[in-house]
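If you read the protein sequences in the order shown, they are chains A and B. Each residue of the first sequence is one higher than the one before, counting from 1 in my numbering. Each residue of the second sequence is one higher than the one before, counting from 1 in my numbering. By construction, the Cβ of each residue, glycine as well, lies at the ideal position given by its N, Cα and C atoms.
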Amino acid sequence: MNNEIIIAKNLTKKYGTLLAVKNISFKIRKGDFFGFLGPNGAGKTTTVKMLTGLTSISAGKVKIFNKDIIKDAKFIKKRIGVVEDISNLFPDLTVYDNLLFMAKAFGVNYHTIREEIMNYLEMFNLSNKIKFKFLSLSRGQKRIVSIVSSLIHSPEILFLDEPTLGLDINVRNKVHQLLLQLNKQKNITIFLTSHYFEEVEKLCNRISVINKGSLIFDGNINKLKTLFPGDKVVSIELTKPINEAKVSKYFAHFKIKKNKLSITGDDVTVILRKIDKFVKDNKLKIKEINTEGNKLEDLFLRLLKQDER
Amino acid sequence: MKDEISNIIVITLKDLKAYYFKPATISWGILFPIVFILIFSLKSNADISTLIGGLISMSIFFGSTSMTTTSIMIERRINVFDIYYTLPISYYGIVIGKILSGLLFGIFTSLIMFVISIFIIDFKVYNGFHFILWISVSSFTFSSFGIFMSLIVKEAYDAMIYMNLIRLPLIFISGIFLPIKELPNIFKFFAYISPLTYSVDIADKVFLNKSFIGMNLSLLILTLFGVIFFILSRYRIEYLRK
Numbered sequence: 001m002n003n004e005i006i007i008a009k010n011l012t013k014k015y016g017t018l019l020a021v022k023n024i025s026f027k028i029r030k031g032d033f034f035g036f037l038g039p040n041g042a043g044k045t046t047t048v049k050m051l052t053g054l055t056s057i058s059a060g061k062v063k064i065f066n067k068d069i070i071k072d073a074k075f076i077k078k079r080i081g082v083v084e085d086i087s088n089l090f091p092d093l094t095v096y097d098n099l100l101f102m103a104k105a106f107g108v109n110y111h112t113i114r115e116e117i118m119n120y121l122e123m124f125n126l127s128n129k130i131k132f133k134f135l136s137l138s139r140g141q142k143r144i145v146s147i148v149s150s151l152i153h154s155p156e157i158l159f160l161d162e163p164t165l166g167l168d169i170n171v172r173n174k175v176h177q178l179l180l181q182l183n184k185q186k187n188i189t190i191f192l193t194s195h196y197f198e199e200v201e202k203l204c205n206r207i208s209v210i211n212k213g214s215l216i217f218d219g220n221i222n223k224l225k226t227l228f229p230g231d232k233v234v235s236i237e238l239t240k241p242i243n244e245a246k247v248s249k250y251f252a253h254f255k256i257k258k259n260k261l262s263i264t265g266d267d268v269t270v271i272l273r274k275i276d277k278f279v280k281d282n283k284l285k286i287k288e289i290n291t292e293g294n295k296l297e298d299l300f301l302r303l304l305k306q307d308e309r
Numbered sequence: 001m002k003d004e005i006s007n008i009i010v011i012t013l014k015d016l017k018a019y020y021f022k023p024a025t026i027s028w029g030i031l032f033p034i035v036f037i038l039i040f041s042l043k044s045n046a047d048i049s050t051l052i053g054g055l056i057s058m059s060i061f062f063g064s065t066s067m068t069t070t071s072i073m074i075e076r077r078i079n080v081f082d083i084y085y086t087l088p089i090s091y092y093g094i095v096i097g098k099i100l101s102g103l104l105f106g107i108f109t110s111l112i113m114f115v116i117s118i119f120i121i122d123f124k125v126y127n128g129f130h131f132i133l134w135i136s137v138s139s140f141t142f143s144s145f146g147i148f149m150s151l152i153v154k155e156a157y158d159a160m161i162y163m164n165l166i167r168l169p170l171i172f173i174s175g176i177f178l179p180i181k182e183l184p185n186i187f188k189f190f191a192y193i194s195p196l197t198y199s200v201d202i203a204d205k206v207f208l209n210k211s212f213i214g215m216n217l218s219l220l221i222l223t224l225f226g227v228i229f230f231i232l233s234r235y236r237i238e239y240l241r242k
């Protein structure tokens with residue numbers, strides 16, 4: 001399709017013998033707000049680094065704006081903004097000099113640089129820090145300045161690796177507002193990795209989940225919900241293995257693995273009542289019991305559990 | 001091409017602004033050579049005017065290498081170096097930007113030394129054009145050397161330690177204080193693989209109108225050293241991206 005702005009095909013990254021990203025493929029359309037989820041060490045940051053040219057690609061291809069990230073690196077880099085997982089700008093330069101450096105490096109019109117910088121800093125109440133060295137800023141302030149540095153040249157695609165990590169709720173909301181505004185009003189494509197599920201749920205129209213270097217889901221939250229029918233899941237671990245035929249007399253939707261049983265249904269109370277009856281009737285003992293919902297975080301955990309099996 | 005040149009200048013100016021007044025740059029780049037000149041002008045029985053070229057070569061050596069090593073060392077240590085990989089600039093462009101800041105700082109330190117020397121030492125410059133060539137090529141080569149050294153060390157903290165382990169012995173075997181022909185054979189070998197030797201030889205031509213190796217040959221070898229370090233640095237930057 002013409003509006004596919006990022007195409008990753010069989011992307012693989014090896015660090016020595018470690019396979020950090022395994023043969024993943026995805027396509028992102030222009031204007032997408034794409035959430036990239038995964039547990040720690042799953043390969044999110046490595047993927048972002050490969051997509052943005054920050055690290056080499058062991059195998060596979062990345063096309064951005066229909067151009068190759070290796071052959072046409074300069075063309076692509078000029079049109080993208082990157083916020084890495086750690087806030088790093090030059091520590092001995094002031095906030096203004098750092099942003100000026102980035103703006104000049106991306107060829108921003110000299111006459112509008114100062115105005116652009118001030119607008120962004122005022123948005124986050126940081127205009128009074130303009131002459132402060134980057135080194136002297138708090139962690140949250142450094143994060144904001146890093147985000148601003150990636151926006152200063154008005155990129156067409158933004159790659160944000162954990163952009164709101166360490167920010168307080170007010171500042172995080174301001175960042176969300178800004179990102180939504182950039183996405184909706186300026187049609188900027190955003191590639192976001194985050195550990196905040198409510199953030200991804202609130203902002204992204206599409207998500208992919210990576211686990212142990214492999215892509216295990218690609219779609220939107222509704223598609224993810226259809227993978228796990230029923231609103232609620234109750235998981236129990238019993239003291240001894242369970243017979244599937246016996247379980248089916250009590251529950252319509254369930255999964256068994258040895259002495260572990262996951263039951264899906266619309267109402268936790270009803271499920272729990274049935275579990276109580278099932279346990280008493282069969283003279284079983286419960287070792288552990290857990291409930292899960294259908295929020296993105298729950299779905300994500302269920303997806304990971306399923307992948308582990 | 002215009003964007004590439006513009007970004008090279010942006011990197012150079014940023015480096016000069018950020019690292020010009022760093023303690024390592026000031027102490028090794030300016031104070032150390034000045035102290036050397038003062039010590040020799042006060043204590044040495046040798047004619048200080050015969051040492052001036054070598055001492056200025058040494059100040060360029062320490063100035064340029066300190067500037068580039070300090071900037072890359074700091075940036076690698078805190079992962080700021082990654083920023084260059086996000087910029088629309090080639091690997092060669094990054095190296096040129098870094099070299100230029102070291103080159104300018106080398107020229108600056110050599111001119112400081114030159115001006116100070118005018119007031120305390122009686123000497124003559126035989127050829128102004130050779131003088132400019134000597135300062136420029138020396139600054140280029142030593143900057144490239146500093147960049148290469150700070151890129152090959154695994155831990156950025158170690159760059160200045162290794163740099164001094166190399167720089168300090170080179171002072172004594174590169175013909176500044178003792179002519180190369182008078183060195184024991186084992187030191188002669190190291191003298192010929194030291195870029196400082198060729199800078200000092202050109203300096204002798206500029207200030208004393210004599211050259212042990214030959215002005216043109218020294219200039220060629222010194223330039224070659226610079227180009228080799230420059231190319232190696234470019235590939236090292238690409239390698240570090242991995």
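Leaving aside the five residues before and after residue i along the sequence, list all residues of the same chain whose C-beta is less than 6 Å from its C-beta, in chain order.
i                      : result
residue 87 of chain A  : 142, 143, 146
residue 157 of chain A : 80, 189
Closer than 7 Å by C-beta to residue i: which residues in its own chain qualify, once you throw out the five before and the five after it? Chain order, please.
i                      : result
residue 151 of chain B : 72, 233, 236, 237, 240
residue 246 of chain A : 282
residue 69 of chain B  : 146, 149, 150, 159, 160, 163
residue 202 of chain A : 176
residue 169 of chain B : none
residue 242 of chain A : 256, 259, 261
So what's residue i in DSSP terms, helix, strand or just coil?
i                      : result
residue 114 of chain B : helix
residue 146 of chain B : helix
residue 243 of chain A : coil
residue 29 of chain A  : strand
residue 161 of chain A : strand
residue 334 of chain A : Any question about residue 334 of chain A goes unanswered here, given that chain A covers just 1 to 309.
residue 34 of chain A  : strand
residue 206 of chain A : strand
residue 227 of chain B : helix
residue 260 of chain A : strand
residue 145 of chain A : helix
If you measure from the beta carbon of residue i to each beta carbon in chain B, is any gap under 8 Å?
i                      : result
residue 20 of chain A  : no
residue 269 of chain A : no
residue 53 of chain A  : yes
residue 108 of chain A : no
residue 78 of chain A  : yes
residue 145 of chain A : no
residue 82 of chain A  : yes
residue 67 of chain A  : no
residue 74 of chain A  : yes
Chain A partners of residue i, CB-CB under 7 Å?
i                     : result
residue 18 of chain B : 90, 92, 93
residue 10 of chain B : 101, 104, 105
residue 3 of chain B  : 107
residue 85 of chain B : 53, 54
residue 7 of chain B  : 105
Using C-beta distances below 8 Å, list every residue in its chain close to residue i, excluding the 5 sequence neighbours before and after it, in chain order.
i                      : result
residue 8 of chain B   : 89, 93, 96, 97, 100
residue 232 of chain A : 264, 265, 266, 267, 268, 271, 291, 292, 293, 294
residue 215 of chain B : 130, 201, 202, 205
residue 19 of chain A  : 12, 13, 213
Determine the direct distance from the alpha carbon of residue j to that of residue i, and round the result to whole angstroms.
i                      : j                      : result
residue 15 of chain A  : residue 57 of chain A  : 10 Å
residue 116 of chain A : residue 128 of chain A : 15 Å
residue 104 of chain A : residue 31 of chain A  : 26 Å
residue 35 of chain B  : residue 176 of chain A : 57 Å
residue 21 of chain B  : residue 183 of chain A : 42 Å
residue 60 of chain B  : residue 85 of chain B  : 29 Å
residue 33 of chain B  : residue 1 of chain B   : 38 Å
residue 254 of chain A : residue 305 of chain A : 15 Å
residue 212 of chain B : residue 75 of chain B  : 40 Å
residue 208 of chain A : residue 153 of chain B : 38 Å
residue 178 of chain B : residue 51 of chain B  : 10 Å
residue 175 of chain B : residue 57 of chain B  : 11 Å
Counting only C-beta atoms, is residue i closer than 8 Å to chain A at any point?
i                      : result
residue 51 of chain B  : no
residue 241 of chain B : yes
residue 88 of chain B  : yes
residue 82 of chain B  : yes
Taking residue i as the query, report the chain B residues whose CB atoms sit under 7 Å from its CB, ordered along the chain.
i                     : result
residue 97 of chain A : 17
residue 86 of chain A : 79
Can you pull the chain A residues whose beta carbon is under 8 Å from the beta carbon of residue i, in chain order?
i                     : result
residue 14 of chain B : 90, 93, 97, 101
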